[in-house]
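Worksheet: the structure to be examined is printed underneath.
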Amino acid sequence: MKRVDLILSERELDSVIKAIDAAGAPGYSVMKHVTGKGPHGSVSEAMDFSGLGANAHVIIFCEASILAKLREGIQPLLDYYGGVAYVSEAEPL
Amino acid sequence: MKRVDLILSERELDSVIKAIDAAGAPGYSVMKHVTGKGPHGSVSEAMDFSGLGANAHVIIFCEASILAKLREGIQPLLDYYGGVAYVSEAEPL
Amino acid sequence: MKRVDLILSERELDSVIKAIDAAGAPGYSVMKHVTGKGPHGSVSEAMDFSGLGANAHVIIFCEASILAKLREGIQPLLDYYGGVAYVSEAEPL
Amino acid sequence: METSLVLQNLLTPPVLFFFLGVIAVVVGSDLEIPAPLPKLFSLYLLLAIGFKGGLELAHSGLGGQVLPTIAAAVAMSLAVPLYSFLALKLKFDSFNAAAIAATYGSISAVTFITAQSFLETQKITYDGFMVAALALMESPAIIVGLLLVKLAAPQQQQRPDAKGMRWGSVLNEAFLNSSVFLLVGSLVIGVLVSAYSPASAEKMLPFTDKLFYGALSFFLLDMGIVAAQRLNDLRRAGTFLIAFSVLMPLFNAVVGALIARGLQLSPGNGLLFVVLCASASYIAVPAAMRMTVPEANPSLYISSALGVTFPFNIIVGIPLYMALVNKLLPAAG
Amino acid sequence: METSLVLQNLLTPPVLFFFLGVIAVVVGSDLEIPAPLPKLFSLYLLLAIGFKGGLELAHSGLGGQVLPTIAAAVAMSLAVPLYSFLALKLKFDSFNAAAIAATYGSISAVTFITAQSFLETQKITYDGFMVAALALMESPAIIVGLLLVKLAAPQQQQRPDAKGMRWGSVLNEAFLNSSVFLLVGSLVIGVLVSAYSPASAEKMLPFTDKLFYGALSFFLLDMGIVAAQRLNDLRRAGTFLIAFSVLMPLFNAVVGALIARGLQLSPGNGLLFVVLCASASYIAVPAAMRMTVPEANPSLYISSALGVTFPFNIIVGIPLYMALVNKLLPAAG
Amino acid sequence: METSLVLQNLLTPPVLFFFLGVIAVVVGSDLEIPAPLPKLFSLYLLLAIGFKGGLELAHSGLGGQVLPTIAAAVAMSLAVPLYSFLALKLKFDSFNAAAIAATYGSISAVTFITAQSFLETQKITYDGFMVAALALMESPAIIVGLLLVKLAAPQQQQRPDAKGMRWGSVLNEAFLNSSVFLLVGSLVIGVLVSAYSPASAEKMLPFTDKLFYGALSFFLLDMGIVAAQRLNDLRRAGTFLIAFSVLMPLFNAVVGALIARGLQLSPGNGLLFVVLCASASYIAVPAAMRMTVPEANPSLYISSALGVTFPFNIIVGIPLYMALVNKLLPAAG
Ligand SMILES: Nc1ncnc2c1ncn2[C@@H]1O[C@H](COP(=O)(O)O)[C@@H](O)[C@H]1O
Ligand SMILES: Nc1ncnc2c1ncn2[C@@H]1O[C@H](COP(=O)(O)O)[C@@H](O)[C@H]1O
Ligand SMILES: Nc1ncnc2c1ncn2[C@@H]1O[C@H](COP(=O)(O)O)[C@@H](O)[C@H]1O
Ligand code: NA
Ligand code: NA
Ligand code: NA
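Protein chains in written order, with the working numbering: chain A, 16 to 108; chain B, 16 to 108; chain C, 16 to 108; chain D, 426 to 758; chain E, 426 to 758; chain F, 426 to 758.
Structural data, given as structure tokens:
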């Protein structure tokens, strides 16, 4: 099986979750309040009071067969808005 | 070495940590406030005020030799209460 | 590509981030409020009010070529202050 | 008259802020009160209501109507889950029926507080010992719920962590869960301080008393958001549960009002007694049930208590029960 | 006289705590107010200012200067982004120019509140309907900003999620974002409660009124920290943007003062009107722009509004505008 | 008489809520106050105590006993870690001995505040300048602790990040750590506001003054939980450290009371002086030590200061020291 890690702005979280559901993933987990740095600069929690939010980390465990559909739904979002997506191997415990 | 990722309700966290300790893992890390979706439906933080809590993400780096004992302690909990457990390869930096 | 996971006290986070930047990593993500247990004992959030903080989990996706420099900057910090660092394989989605 | 009472209740800040939260969800605003801020308010409300109740209890003592009223309250928290269970078994399995039944046997502190505020704006007095009734009604229903599971549920799959159903941990969950513990603890502190350090009791009031109404309104804004988010779950739960969530409180209210009449409670105490009977727990009991009856579906018992019964009670229930009390209780003439 | 007003403003707790936050960053203290605590204060301030404004609006009604003033306020929130855009296009692309322009067309509730507190310490009266102006000036600039992008921006790359620029979601973001929604909602609640339940309005005051000044000071401590952290970004943004962030508020203040004179506002209302014109949004608009104009660089519009204009306004702007109002408005004689 | 004072202290809300927190842990309730809510209260208490102290300091000025008292306080914060270190070296290595010693040289703001509240319920006056003494006693002990490490510790392993022991960063940690910075900053703001804007000082009081006692009680509920969680660590730390955590405060209290007598302090100021000497830091110093002496085991210095000395002081210490002060200080008759 596969493990997909997405890190992106909380702002796009709803769109990404829609794409994950649409791809038929069996589930996902979300951690908010992630800060970091990437090609678009630094992200902190300092503006949290204004509703701007920080980043979110999404983890998806799924069959390899789902990856293509996931990529199709998510990659355009990451290309346009920023964020990263990586896949690695994972076996059920 | 191995990396184990567990995602489960905060409610079972204490039982899971006992199982991890009992399996002889050299350590573990816990992130709370994880939301997500799985076969049992969606989990949000909306009921946090009532003490219901959300999910927790537990990471364990350990030798492969520990996996069997970990599985023995944790798998019954996940089967009964829900949650996921995956293993992948990881080498010390 | 590689995925590096660091878990260490929030106290050393600034030093570690400097080392990551110095190693030329293309980015990183940070999750705070991580609790856990390791060779140096348990870490909780109970003393958060005093500014002591808990642990942080840092994720870096980077080329294998960066690992050596990362190790050089980070390993001494982990040796002295505690914390763990593991590397695994990861491919872009 | 009921209509005017309904309006008088509707147009107070707590109820209006509850509506504002509901509207936020309905129109799709991104308004949210992020965790753990709602927890701050819920801890505060329990601490303040307990402390103030303790101060008043110290004055009123345990004589007169106090002990009979408390005994009747505890009896109701044992009886309600029993007959609720029978009704719920028509549609649900034993796990879900028991969990929902326990929810309705226990009480909602926020509904109680909102009723107190209603009485205050109506200038109707009530007594501090009702908070003791509130505190003592939280736990028994949890025990009854678990007994029902033990007795009526199909031979259970063995729990992987023995903990789940051991009686020690069940009693712990029932009597020491954070909401019961903080409420009872603050009540006891209120009694002690009132007796031995009245000057320091005075110094607590700006925090526990003056701020209370505003903090309640703020918390109800969040409750409105959370309750409205439950509406989807409800549709899935079906009309039986929705009907139960309105009819059972009404039935309990009538039973409660008759008991209050028997106890010759004042109109203020009578309303609070009725509200205790008619309200359902969405703080203590869900947390306890998820721990001890994981087989039940939380979205059923949370959505019915928080998504239907709670809004029903604070919007139309309280003034309706007031009218009922005014009719049934002699003192209200 | 201006100097003495500046000093009188400077030496009040809100402004001094803002400074303390700035100093913390400058000297390298690890003082921080962790999320989501600042959100608690920002929600509180919006709720309280809205509620209090509503109470007062219910008294003043919509007659006299009320509607003309509100109309003028909305007109300014439409005009400011238009001429700001023209100025900003000298240096920035259409995305960034539109986002910054929208920021300056909208308002800063905290600057407004600080100006109210200034008036109170100066014992100058003002009216509750100005809060309605505040509430109604938040959204229009967001719409104008997006129209500017639509019209002036180069043919856009197709958004991957259609959502971004559909008008429904833009209007949603403009009128239902959490800060506008909570402010307007609390205002309406204030009006309703004042009319139908004055006793319960009274019970809100310890929370919404008495606590307000202290909570504002605490929040400004955090704003000082956040504003100072922006100073680095600013250096990168260049002198054009820094100059714009000081000169545009001054220009808007003069325009605002002339309009206030035309409307024959009292000095207190006049100052608030000027402050609305001169302030820039760092709560509602940045959140909206990041959602709807992701092509713009947030560090530009946040840093200019929060790192320059906001400190400028609360430190020297408010007393300066007061002096201006005193000169231009007849009633101030 | 001591017994009656102990009881009078015991039966106040702050101490009772502390007990409630301890009991929650002991009986296994799941009561917890999740991060970052306790931080809200600790920031609030520092801000409020500093601000109120500043207001009072502005009235009393720096004449009379003020400077001698402050000088004596600073001297104690230098002396206590020196003799504590000698005692601790009997059992601990230099790193741990220095870190624990620094903890006892510094002070606990919450203990100080609880002592003030005790005085107020006893109707005994005290002066605002004692808050200045509090503020100035936090840092010196941190410096002494680090000097002790430098001088007495075995040739240290080279720190991987030079930062650790460079003097710049040590001084930064000692004088600019968030708790010292906020306390001193609020004190200065209090002085300025009192002098130049008394009307605005008035407007702060509902927040900084009226709410204070309740907020302290709420915070102590959390402190009770955290302190009780430390009890396990303590058992491992051994009887030497437990004995030290009770005997060293008692010894420091006697020394402090003699100095207070020499300074001819009033009973109220005398008690506060003694409490400063007898208390140990669990906010500023642990954070500083973990940063600058990572070789020391935090569970030792946190558990002794927070798990033993703090409860000892607020439960029996304060009334005991009061009795001592009443015996030794002439003015107390
Ligand atoms: N190489 C990386 N490793 C880990 N996280 C990253 C990396 N690049 C970007 N991120 C995360 O993704 C977020 C959005 O990245 P971007 O908008 O592309 O700069 C950043 O704020 C980081 O949290
Ligand atoms: N396929 C998955 N990938 C990532 N997280 C998952 C997945 N399935 C379940 N989870 C997480 O595990 C939690 C519990 O799952 P469950 O109770 O089995 O529905 C969910 O709320 C998710 O946070
Ligand atoms: N084997 C492990 N697996 C996962 N996390 C670990 C492990 N060992 C240590 N940690 C984390 O690293 C932190 C610091 O470890 P240490 O200071 O070495 O005890 C711990 O508090 C844990 O959060
Ligand atoms: Na009930
Ligand atoms: Na403006
Ligand atoms: Na001391």
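Even glycine gets a Cβ: it sits at the ideal position worked out from N, Cα and C.
Keep in mind it's a predicted model, so treat the numbers as computed, not measured.
Unbroken beta strand (DSSP E) runs of no fewer than 3 residues, entirely contained in the stretch 26 to 101 of chain A, are found at 43 to 53, 56 to 58, 70 to 77, following chain order.
Of all residues in the stretch 596 to 625 of chain D, the ones placed with a Cβ closer than 7 Å to any Cβ belonging to chain F are Asn597, Leu601, Asn602, Ser603, Phe606, Leu607, Gly610, Ile614, Leu617, Val618, Tyr621, Ser622, Ala624, Ser625, in chain order. At a threshold of 7 Å, Cys702 (chain E) counts as near ligand 5, since its beta carbon sits closer than that to one of the ligand's heavy atoms. For Arg686 (chain E), the uninterrupted alpha helix (DSSP H) run begins and ends at 664 to 687, by DSSP. For Arg18 (chain A), no alpha helix (DSSP H) segment is defined; the enclosing uninterrupted segment is the beta strand (DSSP E) at 17 to 24.
In terms of Cβ geometry, Leu559 (chain D) and Ile532 (chain D) form a close pair [threshold 8 Å]. Beta-bridge analysis with DSSP links Pro107 (chain C) to A:Tyr101.
Taking 8 Å as the threshold, the shortest C-beta distance from Gly663 (chain E) to chain F does not fall below it.
When 9 Å is used as the limit between beta carbons, Leu92 (chain A) is near no residue of chain C, the shortest such separation being about 11 Å. Distance from the CA atom of Leu456 (chain D) to the CA atom of Leu675 (chain F), rounded to whole angstroms, is 53 Å.
Relative to the Cα of Ser80 (chain A), the nearest Cα in the group A:Leu93, A:Ala61, A:Pro107, A:Pro41 belongs to A:Pro41. With respect to the 8 Å criterion, Ala105 (chain A) and Val102 (chain B) are classified as neighbours on the basis of their beta carbons. If you check the C-beta of Val569 (chain D) against ligand 6, you find no heavy atom less than 7 Å away. Taking a cut-off of 8 Å on C-beta distances, the stretch 662 to 679 of chain E does not touch the stretch 75 to 95 of chain A, as fewer than three cross pairs fall below it. Ranked by Cα distance from Phe443 (chain E), the first of E:Ala653, E:Pro723, E:Gly475 is E:Ala653. Following the DSSP letters along the chain, one finds Val700 (chain E) inside the alpha helix (DSSP H) bounded by residues 692 to 703. For Tyr551 (chain F), no chain D residue has a C-beta closer than 9 Å to its own C-beta; the minimum C-beta separation is roughly 16 Å.
Interface annotation for the stretch 68 to 83 of chain B against chain C: Ile74, Phe76, criterion Cβ-Cβ distance under 8 Å. At least one beta carbon of chain C lies nearer than 8 Å to the beta carbon of Met716 (chain F).
Using a CB distance cut-off of 8 Å, Glu60 (chain B) counts as an interface residue toward chain D.
About 14 Å separates the CB atoms of Met555 (chain F) and Ser502 (chain F); that is not less than 8 Å, and the two are not in contact. Within the model, the alpha-carbon separation for Leu596 (chain D) versus Leu608 (chain D) is close to 17 Å.
Three or more beta-carbon pairs separated by less than 8 Å are not found between the stretch 46 to 53 of chain C and the stretch 445 to 453 of chain D, which leaves the two stretches without contact. Leu572 (chain E) and Asn521 (chain E) have their C-alpha atoms some 13 Å from each other.
When the beta-carbon positions are compared, Leu601 (chain D) and Ala682 (chain D) stay at least 8 Å from each other.
Annotation for Val58 (chain A) indicates a beta carbon within 7 Å of some heavy atom of ligand 1. Short of 8 Å from the beta carbon of Pro711 (chain D), and not among the five residues preceding or following it, lie these beta carbons of its own chain, in chain order: Thr528, Pro723, Tyr726, Ile727, Ala730. At the C-beta level, Gln490 (chain D) and Leu688 (chain D) come within 8 Å of one another. Put simply, the CB of Ala540 (chain F) is far from chain D, with every gap to its CB atoms at 8 Å or more.
Against Pro631 (chain D), the close residues of chain F are Lys635, Leu636, Gly639, in the order they occur along the chain (beta-carbon pairs closer than 7 Å). Note on geometry: alpha-carbon atoms of Val569 (chain D) and Pro506 (chain D) lie some 7 Å from one another.
Counting C-beta pairs closer than 8 Å gives fewer than three between the stretch 654 to 662 of chain E and the stretch 638 to 657 of chain F, which falls short of the contact rule. Out of F:Leu697, F:Leu435, F:Ala705, F:Met747, the CA that lies nearest to the CA of Leu672 (chain F) is found in F:Ala705. Around the beta carbon of Lys752 (chain E), fewer than 16 other beta carbons lie within 10 angstroms, which makes this residue exposed.
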